[in-house]
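Engineer:
Residue numbers (this note's numbering): 166 to 241.
This is how it looks when you write it as structure tokens:
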């Protein structure tokens, strides 16, 4: 192979990898949910309904319903 083709292949491969990583950070918070964004395990933000982006491998998103009631019974 020619050096120009190898360089082109390497650039295309890096672009594909960057696109996959970038698109894997998209998340959606549904209506009636609240999301907590954790950066390196520490609370950094809260989000309402909508479509957002997070930094993959750095941020974690946890969603919880705000309309559903959770009950716990004590005793009999």
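For each residue, glycine too, the CB sits at the ideal point set by N, CA and C.
1) Grouping DSSP H, G and I as helix and E and B as strand, with all else coil, what is residue 176?
2) Taking only three categories from DSSP, how would you classify residue 188?
3) Give every residue of the same chain whose Cβ lies closer than 8 Å to the Cβ of residue 206, excluding the five residues on either side of it in the sequence, and list them in chain order.
4) Which residues bound the beta strand (DSSP E) around residue 217?
5) Would residue 186 and residue 221 be called neighbours here (beta carbons separated by less than 8 Å)?
Structural biologist: Based on what the coordinates show:
1) helix
2) helix
3) Within the same chain, and ignoring the five residues on either side of residue 206 in sequence, the residues whose Cβ sits closer than 8 Å to its Cβ are 225.
4) 215-218
5) yes
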